[in-house]
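Okay, structure first, notes after.
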Amino acid sequence: MLVIVGGSMAAVKAPSVLRRLRERGAEVRVIATRAALAFITELSLSTAADGPVGTDAHWFEARPDALHLTLARVDAAVVVGASAELLAGAAHGHAGDLALATLLSVRGPVLWVPAMNELMWTHPAVQANAATLRGWGHRFLGPEVGAFGTRGEGRGVGRMSEPEDIADATLALLKGDASPAPVRDLVGVRVVVSAGPTREYLDPVRFISNPSSGKMGFAVAEAARDRGADVTLVTGPVTLPDPAGVRVVRIESALELRDTVMDAARDAGIVVMTAAVADYRAATQSGEKQAKVAGDVTVHLTPNPDILAELGREKGDRVLVGFAMETHAGVERAAGKAARKNADFILLNYPTREGTAFGGDDNQVTLVRADGSHEDWPRVSKREVAERLLTEAARLLPRQG
Ligand code: CTP
6 MLVIVGGSMA AVKAPSVLRR LRERGAEVRV IATRAALAFI TELSLSTAAD
56 GPVGTDAHWF EARPDALHLT LARVDAAVVV GASAELLAGA AHGHAGDLAL
106 ATLLSVRGPV LWVPAMNELM WTHPAVQANA ATLRGWGHRF LGPEVGAFGT
156 RGEGRGVGRM SEPEDIADAT LALLKGDASP APVRDLVGVR VVVSAGPTRE
206 YLDPVRFISN PSSGKMGFAV AEAARDRGAD VTLVTGPVTL PDPAGVRVVR
256 IESALELRDT VMDAARDAGI VVMTAAVADY RAATQSGEKQ AKVAGDVTVH
306 LTPNPDILAE LGREKGDRVL VGFAMETHAG VERAAGKAAR KNADFILLNY
356 PTREGTAFGG DDNQVTLVRA DGSHEDWPRV SKREVAERLL TEAARLLPRQ
406 G
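Numbering of the sequence shown is given in the working numbering, commencing with residue 6 and proceeding in unit increments.
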């Protein structure tokens, strides 16, 4: 087992991680980056590891072997106090110091335990680097929500996981436990997600609806669950099975969706409306099947309540996220919707782009805020869109304490 200690205030917790790993029988090698040694001494690390510590100074000592290759011969590696710099270096294949050169040479599983300020962790550059590493099969533990920084002055996502949890995750990695360790930044947060289409019945056998598959909303619910949230998924008729560990309520009409969402949203921290709500329902619903008649038929429709707008009217501290599908003037129209409905942001997607939105597994969205500011996200899986959405929403949650 290789433990790499990165340059973060959390490096001071590294000896505690090393001690726990050794107590539990792991054979531990240690590398400390140059920045790590600004926070913790080589001596305290080598005492806890009961062995020498690899540093850049030792890397360049005259020796017969290549230190990075020797240190890389391990069954797994864990990066404790992983900084934005280390993530960036690894995601781009840099090998300019002992830690990065060794990471390039490790062939076993790698676990990252990030620790940095929330502003840094939530920056798209850091998230993109973490996504690259996840794409290569690297795992992540944390960062958690809580106090961080030199004097505990920061609060938010960014705090390093506790040494006991790091030891657990590291030993699970050694045992080949393949389950990815997600970011757990939504522990204790209630998240309500709406998904799928609604059905507006004209009579018992006919309805107005749309082709929403529910995939986007289910991806948000699953991602929120994996990040530790308490999740309620309110979905219209879709063919997807109930995700494990999520409270699922199946509804049909917009009115049922409204009642269920409003009820569930009362103590929610985040509400994400991905549902493709039918804008209208039949003004009168026939209890009996309507037989056809000769000639044209007129159906009288009446508007459905706008659920997102209703949530927006009593917004409080809740983070509200909507979706919008536009064929033209997308950003402008989506910004108008965010403002009208008092949503924190809207993810705009396009029905016309191949393989995205309705039914597809990928999505290409633009995040749009009420003030018109916006960011184009690349085309990625709906799960990855969900992860980015939740990172953005978590950043907007009110700070505790
Ligand atoms: N929404 C809602 N209740 C409705 C209609 C929409 O909560 N009755 C939510 C959707 O879940 C989505 C966002 O509002 O998050 C989409 O808004 P909007 O684009 O206004 O819906 P459209 O019906 O597509 O609007 P328009 O036809 O005006 O473009």
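For each residue, glycine too, the CB sits at the ideal point set by N, CA and C. The model shown is predicted, which means the values in this text are computed figures rather than measured ones.
Are the Cβ atoms of residue i and residue j separated by less than 8 angstroms?
i, j, result
"alanine 31", "methionine 14", "no"
"alanine 273", "valine 197", "yes"
"valine 282", "isoleucine 312", "yes"
"leucine 178", "arginine 144", "yes"
"arginine 34", "glycine 56", "yes"
"glycine 241", "threonine 203", "yes"
"lysine 18", "proline 119", "no"
"alanine 16", "glycine 86", "yes"
"glycine 222", "threonine 279", "yes"
"tyrosine 285", "proline 308", "yes"
"alanine 172", "arginine 29", "yes"
"lysine 320", "asparagine 347", "yes"
"aspartate 381", "threonine 396", "no"
"aspartate 322", "proline 403", "yes"
Express the C-alpha separation of residue j and residue i in angstroms, rounding to a whole number.
i, j, result
"valine 79", "glutamine 132", "27 angstroms"
"valine 210", "valine 336", "38 angstroms"
"leucine 91", "alanine 136", "14 angstroms"
"tyrosine 206", "threonine 175", "54 angstroms"
"aspartate 70", "leucine 42", "24 angstroms"
"asparagine 122", "glutamate 149", "11 angstroms"
"proline 383", "alanine 340", "19 angstroms"
"aspartate 170", "serine 21", "11 angstroms"
"alanine 344", "histidine 379", "13 angstroms"
"glycine 406", "threonine 52", "At glycine 406 the pLDDT is 46, less than 50, meaning the model places this residue with poor confidence; the figure from the coordinates comes in the next sentence. Straight-line Cα distance between these residues: approximately 36 angstroms."
"histidine 333", "glycine 317", "25 angstroms"
"arginine 400", "tryptophan 126", "10 angstroms"
"alanine 296", "asparagine 354", "39 angstroms"
"alanine 81", "histidine 73", "14 angstroms"
"valine 194", "glutamate 389", "20 angstroms"
"alanine 200", "alanine 287", "22 angstroms"
"lysine 294", "glutamate 315", "33 angstroms"
"isoleucine 256", "serine 214", "13 angstroms"
Near residue i, which residues of its chain fall below 8 angstroms by C-beta distance, leaving aside the five closest residues on each side in sequence?
i, result
"proline 310", "Ala259, Leu260, Arg263"
"isoleucine 36", "Leu7, Val8, Ile9, Val10, Val58, Gly59, Thr60, Leu76, Leu103, Ala104, Thr107"
"alanine 398", "Ile275, Val277, Val324, Val326, Asp349"
"isoleucine 45", "Val10, Ala16, Val17, Ala19, Pro20, Ala37"
Run the CB neighbour count on residue i, radius 10 Å, all protein chains shown included, and call it buried at 16 or more, exposed below.
i, result
"glycine 364", "exposed"
"threonine 60", "buried"
"leucine 23", "buried"
"arginine 112", "exposed"
"phenylalanine 65", "exposed"
"glycine 300", "exposed"
"proline 129", "exposed"
"glutamine 369", "buried"
"leucine 238", "buried"
"valine 304", "exposed"
"serine 218", "buried"
"proline 114", "buried"
"proline 185", "Here proline 185 scores only 49 on pLDDT, less than 50, and its place in the model is too uncertain to base an answer on."
"valine 302", "exposed"
"glycine 377", "exposed"
"glycine 147", "buried"
"serine 291", "exposed"
"valine 192", "exposed"
"arginine 164", "buried"
"arginine 393", "buried"
"lysine 220", "buried"
"glycine 181", "exposed"
"valine 298", "exposed"
Sorted by chain position, which residues of the same chain lie with C-beta nearer than 7 angstroms to residue i's C-beta, five sequence neighbours on each side aside?
i, result
"alanine 100", "Ala106, Leu109"
"isoleucine 351", "Gly327, Phe328, Ala329, Ala339, Lys342, Ala343, Val373"
"phenylalanine 212", "Arg204, Glu205, Tyr206"
"arginine 27", "Val33, Asp55"
"valine 253", "Leu238, Thr240, Asp247"
Considering only DSSP beta bridges, list what residue i is partnered with.
i, result
"serine 199", "Val239, Met278"
"aspartate 367", "Ser386"
"proline 119", "Ala87"
"aspartate 208", "Arg211"
"arginine 393", "According to DSSP, arginine 393 bridges with nothing at all."
"phenylalanine 145", "Trp117"
"histidine 449", "One cannot answer for residue 449 here, as it falls past the ends of the chain, which runs 6 to 406."
"valine 35", "Val8, Val58"
"arginine 252", "Thr237"
Which same chain residues end up closer than 6 angstroms to residue i when comparing Cβ atoms and leaving out the 5 residues on each side of it in sequence?
i, result
"glycine 12", "Thr38, Ala40, Ala41, Ser88"
"valine 236", "Val196, Ala226, Ala229, Arg230, Val251"
"aspartate 190", "Val150, Val162, Arg232, Ala399"
"valine 83", "Val8, Leu116, Thr175"
"serine 49", "Pro20"
"alanine 269", "Val197, Thr237"
Taking 8 angstroms as the CB-CB cut-off, is residue i touching chain C?
i, result
"valine 298", "This model lacks chain C altogether; it includes just one protein chain."
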